[in-house]
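Data block below; observations after.
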Amino acid sequence: MADTNTIKYGIKNCKYAVATISSTGTATYGTVKDLKGAVSISLDAQGDTNKFYADNIVYFTSVANNGYEGDLELAKVPDDFYTDCLGYIRDASGVLVEDAGATPAHFALIFQFEGDVNAKRTVLYNCVASRPSLAGSTKEESIEPQTETISITATTIHNSVLDKDLVKASCTETSASAAYNGWLSAVYQTTTT
Numbered sequence: 461m462a463d464t465n466t467i468k469y470g471i472k473n474c475k476y477a478v479a480t481i482s483s484t485g486t487a488t489y490g491t492v493k494d495l496k497g498a499v500s501i502s503l504d505a506q507g508d509t510n511k512f513y514a515d516n517i518v519y520f521t522s523v524a525n526n527g528y529e530g531d532l533e534l535a536k537v538p539d540d541f542y543t544d545c546l547g548y549i550r551d552a553s554g555v556l557v558e559d560a561g562a563t564p565a566h567f568a569l570i571f572q573f574e575g576d577v578n579a580k581r582t583v584l585y586n587c588v589a590s591r592p593s594l595a596g597s598t599k600e601e602s603i604e605p606q607t608e609t610i611s612i613t614a615t616t617i618h619n620s621v622l623d624k625d626l627v628k629a630s631c632t633e634t635s636a637s638a639a640y641n642g643w644l645s646a647v648y649q650t651t652t653t
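Next up, the structure:
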């Protein structure tokens, strides 16, 4: 069913699940974990539109879908995200150590926008994140929270059921209840065409 919202606002229920990508390009996902404190997300569509001219008109147009790039702003990036997705190490003393040679892990990003009628849930299937900047400032007359931002690149992942490369999926409460209700506990995978 179609989305019945006329507006969207607010982001919540932000979560991630580490992806293991097979040699065929498909993914399996680990346990879904919370990314609490989501402040904002802004991801720009990536890809080009190319026009081919013939007979003095645009004869053919092709569009490349290269996913999304942008930022996720959080109150604070959780330590688990550093170790699960950014390649940090937690040593025997419980100290979080940044490994300069670490390769970031691929993960699915799940989140929800509120709407005037229904909440809309989305999953981006194949994300990689960069380290947040290290910043802070002095406390003045009142406490001003300092947020942290991670840059995210979301690209395609192969779905063997559809035999297509997918970027994201979305649903609202008007979708099948099993899909909507299970959205925040496991990465949604299309199982039928």
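Going by the numbering used here, the sequence shown opens with residue 461, and the numbers climb by one from there.
Think of the CB as a built atom: it goes at the ideal place given N, C-alpha and C, for glycine as much as any other residue.
Comparing C-alpha distances from S597 to each of I481, Q606, V555 shows the shortest one belongs to Q606.
When secondary structure is reduced to three states using DSSP, T543 falls in the helix class. Between Q506 and G490, the C-beta spacing is not below 8 Å.
With a beta-carbon spacing of about 20 Å, H566 and A498 fall beyond the 8 Å limit used to define contacts.
At a Cβ-Cβ threshold of 8 Å, L495 and K475 count as neighbours.
Collapsing the DSSP output to three states places S637 in a helix. Inter-residue distance for E633 and N578 is about 6 Å (C-alpha atoms, whole angstroms). Rounded to whole angstroms, the separation of the alpha carbons of S502 and A636 is 27 Å. In the pairwise beta carbon analysis, the segment 601-617 is classified as touching the segment 535-543: at least three pairs are separated by under 8 Å. In the assembly as shown, R550 is an exposed residue. Its beta-carbon has fewer than 16 other beta-carbons within 10 Å. Per DSSP, A505 is one residue of the beta strand (DSSP E) stretching across 498-505.
For E529, DSSP records a beta bridge to D504, T613. In the three-state DSSP reduction, G642 falls in the helix class (H, G or I).
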